[in-house]
Amino acid sequence: MRLTWKLFKIIIFMACVACFSWQSANFFELYFSFPTATSIELTYPEVLKKPAVTLCNNNPVKREKFCAEYSHLCQKPNNLTEFCKRHPYFCIDDVSDLVIPKLGYYVNNSAHEVRNAIMEIYIHSSIKSMVRGSLSWTVPFDDRTVRIDYMNEFYITIREQETLYPWTIPHILLSVHSPFEPVNPFEEGEFLQLGYRYILNIRMEEVHLLESPYQTNCKDYNNVWKENNKTGPRSQEVLFVPTLDSYLEANSTIHYISLVNIRILYRCVKKGARLIIISYARIVKKD
């Protein structure tokens, strides 16, 4: 009986030693396969790659431009005196021709038709020139590198009376991010207050992924982009939708039939990245 107990303990001991040896061997194999020291290099380059700056206006279209194009969807406020007291910035100039969209606020309610008209402005290929003139502001994009002692300045002027929604004042949202990864300023941006000056200090960080045996599974999108004659996405984060333009070009008449919602639509351009400001867009089709 005692001999059997000793043999059992020896077997258990040998099994533990074998498991320990196997685990140790795997650990040391992994340990010696990868470097254990991490090096961080702090440099001050003479030229800093310019980050992307995305500015969005929560006012989709200029009120005056909208009402000039869609006069049947605009109306003079029912109680002009009360309206001017509540929103004096609308009544600074002559109010004889003041009209606002029919959104049920001091006017009749044709909100559905107004929303359809806004969607038509954004996606109808035949009025792209009208879109450029209707947006509340424009800002140039430049992909050149700049010296670190150079300051970029953006001057944004917003006319409160140009708001499409009379009960709100237009605001600008700002997002500074990687030029290779578009963002949605409505989710990740910061509201800029009118009448303030903002000074931003930026710092460029580069992460260099290690080669094999590290399992980075990386793809050099920049080289692929160059090989494809500088077309296509430059990172995994870009949502590239080339079919929308071709679809709209093939359909000259649009009927408002909701098919699918697109959360954010980005489009690659020659310099920088441009954001089409549609949080939820409706794809429409021709009957």
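Residues -19 to -1, 1 to 268, numbered by mature numbering (1 follows the signal peptide of the UniProt record, and there is no 0), are exactly what the sequence shown covers, in order.
Glycine included, every Cβ here is placed at the ideal spot set by N, Cα and C.
Asked                                                                                                                                                                : Found
Below 7 Å CB to CB, which residues in the same chain sit around Gly114 once its five sequence neighbours on both sides are set aside?                                : Residue placement at Gly114 is poorly supported in this model, since its pLDDT is 46, which falls under 50; the coordinates are not used for a value here.
Nearest to Asn97 by alpha carbon, out of Thr138, Phe71, Leu54, Val80?                                                                                                : Leu54
Could you tell me the distance, in whole angstroms, from the CA atom of Glu10 to the CA atom of Ser159?                                                              : 38 Å
Look at Arg44 and Thr144 and say whether their C-beta atoms are less than 8 Å apart.                                                                                 : yes
I'd like to check one pair, Leu61 with Lys76: are the Cβ atoms closer than 8 Å?                                                                                      : Lys is not the amino acid found at residue 76; the sequence shown has Val there. A contact, by the Cβ cut-off of 8 Å.
Which residues does DSSP pair with His158 in a beta bridge?                                                                                                          : Ala33
Would you report the Cα separation of Gly85 and Ala92, rounded to the nearest angstrom?                                                                              : 7 Å
Please state whether the Cβ-Cβ distance between Pro163 and Asn40 is less than 8 Å.                                                                                   : no
Going by C-alpha distance, which of Ala33, Gln142, Ser14 is nearest Ile73?                                                                                           : Gln142
On the DSSP letters alone, give me the boundaries of the beta strand (DSSP E) that Phe172 sits inside.                                                               : 171 to 173
For Phe8, collect the residues of the same chain with a Cβ closer than 7 Å to its Cβ; drop the 5 residues on either side in sequence, then sort them by chain order. : none
Alpha carbon to alpha carbon, how far is Tyr87 from Pro58?                                                                                                           : 5 Å
Start and end of the alpha helix (DSSP H) containing Gln4?                                                                                                           : -18 to 14
Quick test of your reading: Phe135 and Leu23, contact by CB under 8 Å. State the CB separation rounded to the nearest angstrom.                                      : About 29 Å; that fails the 8 Å criterion.
Using the DSSP secondary-structure output, state which residues sit across from Asn38 in a beta bridge.                                                              : Ile153
Measuring only the C-alpha atoms, how far is Trp3 from Leu155?                                                                                                       : 55 Å
Tell me the DSSP secondary structure of Leu54 in three-state form.                                                                                                   : helix
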